[in-house]
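A.B. asks: Got a structure for you, questions after.
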Amino acid sequence: MSELVRFGVSIDNSLLDKFDELIGRKGYKNRSEAIRDLIRDHMVEQEWEADAETVGTFTMVYDHHTRDLSSRLTHLQHSFTGEICSVLHVHLDHNNCLEVLVLKGKAQLLQTLADKLVSVRGVKHGKLTMTTTGEAMPAGQGDHSHGHSADGRNHHGHSHD
1 MSELVRFGVS IDNSLLDKFD ELIGRKGYKN RSEAIRDLIR DHMVEQEWEA
51 DAETVGTFTM VYDHHTRDLS SRLTHLQHSF TGEICSVLHV HLDHNNCLEV
101 LVLKGKAQLL QTLADKLVSV RGVKHGKLTM TTTGEAMPAG QGDHSHGHSA
151 DGRNHHGHSH D
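See the structure below:
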């Protein structure tokens, strides 16, 4: 693991006050971890722009009574079997269903899939959320912790103590 480095940042006082309010609301213990997370977020966005391998979810709500919607969604999803890792389907009520697709692939291809899904008639709302695979991301330092159970399985807890 690399050594932590301290550095100074010049910042407008009113911007710093707003930043302190933000990190307080989010539950950060200190500015350092908040700044590290901002840097990581920027690095992840750069991965997407570079069309790197990424992971994400596509969440959509649709009216399952719309004619041929289920078959159109299934056909479209079968065109991206290499990128779709898993699908969760939930019946919200008599008319509406929620689907969450777990995705892995090149960022632009995942965006293409999301655009195609959201444009299908009967889909009421859809949103793509992408993140990093973690491979190109440096390990966290400081108080940022990820707990793993003693049995070696990935029961993943996340805390910013």
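Per the UniProt record's numbering, the sequence shown starts with residue 1, numbered consecutively.
Using N, Cα and C, we set each Cβ at its ideal position, and we do this for glycine too.
Small disclaimer: the values here were computed from a predicted structure and weren't measured.
Does the beta-carbon of G56 have 16 or more other beta-carbons within 10 angstroms, so that it is buried, or is it exposed?
C.D. replies: Position 56 of the sequence shown, counted from the first residue, corresponds to residue 56. Under this definition G56 is a buried residue.
A.B. asks: Can you tell me whether DSSP reads M43 as helix, strand or coil?
C.D. replies: Taking the sequence shown and counting its residues from 1, one reaches residue 43 at position 43. M43 falls in the helix class under three-state DSSP.
A.B. asks: How about K116 and L76: do their beta carbons lie closer than 7 Å?
C.D. replies: Within the sequence shown, the letter at position 116 stands for residue 116. Within the sequence shown, the letter at position 76 stands for residue 76. Yes; because the gap between Cβ atoms is below 7 Å, this pair is in contact.
A.B. asks: Buried or exposed: which applies to E33, given that a residue is buried once 16 or more other Cβ atoms fall within 10 Å of its Cβ?
C.D. replies: Locating residue 33 in the sequence shown gives position 33, where the first residue counts as 1. The residue is buried, with at least 16 neighbouring Cβ atoms inside 10 Å.
A.B. asks: Where do the N-terminal and C-terminal ends of the beta strand (DSSP E) with D63 fall, by residue?
C.D. replies: Residue numbering aside, residue 63 sits at position 63 when the sequence shown is read from its first letter. Looking at the DSSP string, the run of the beta strand (DSSP E) that includes D63 is E53 to D63.
A.B. asks: State the beta-bridge partners of C97 as determined by DSSP.
C.D. replies: Counting from 1 along the sequence shown, the entry for residue 97 is found at position 97. In DSSP, C97 forms a bridge with Y62 and H91.
A.B. asks: From G126 to V90, what does the alpha carbon distance come to, in whole angstroms?
C.D. replies: As a first step, residue 126 is located in the sequence shown; it is residue number 126 there, counting from the start. As a first step, residue 90 is located in the sequence shown; it is residue number 90 there, counting from the start. Those two C-alpha atoms are separated by around 15 Å.
A.B. asks: Hey, is the stretch 40-52 in contact with the stretch 90-99, meaning 3+ C-beta pairs nearer than 8 Å?
C.D. replies: No contact exists between the stretch 40-52 and the stretch 90-99.
A.B. asks: Opposite K127 in the DSSP bridges: which residues?
C.D. replies: In the sequence shown, counting from the first residue as 1, residue 127 sits at position 127. BP columns for K127 point to T59.
A.B. asks: So what does I84 bridge to, in DSSP terms?
C.D. replies: Here residue 84 refers to the residue found at position 84 of the sequence shown. According to DSSP, which records beta bridges pairwise, I84 is partnered with L103.
A.B. asks: Does the stretch 100-112 come close enough to the stretch 81-90 to have 3 or more Cβ pairs within less than 8 Å?
C.D. replies: A contact exists between the stretch 100-112 and the stretch 81-90.
A.B. asks: Helix, strand or coil: how does DSSP classify T132 here?
C.D. replies: Walking along the sequence shown from the start, residue 132 turns up at place 132. It is a strand residue.
A.B. asks: Using the three-state DSSP reduction, which class does D151 fall into: helix, strand or coil?
C.D. replies: Within the sequence shown, numbered from 1, the residue matching residue 151 stands at position 151. The predicted model places D151 with a pLDDT of 42, which falls under 50 and marks its position as unreliable, so this point remains unresolved.
A.B. asks: So, is L22 buried or exposed, given that buried needs 16 or more other C-beta atoms within 10 angstroms?
C.D. replies: To locate residue 22, count along the sequence shown from 1; it is residue 22. Classification of L22: exposed, given that the 10 Å Cβ count is below 16.
A.B. asks: Run through DSSP, which three-state label would N30 get?
C.D. replies: On the sequence shown, residue 30 is found 30 positions in, with the first residue counted as 1. Note: N30 maps to coil in three-state DSSP.
A.B. asks: Express the C-alpha separation of R40 and E53 in angstroms, rounding to a whole number.
C.D. replies: Locating residue 53 in the sequence shown gives position 53, where the first residue counts as 1. Locating residue 40 in the sequence shown gives position 40, where the first residue counts as 1. Near 16 Å, if we compare the C-alpha coordinates of R40 and E53.
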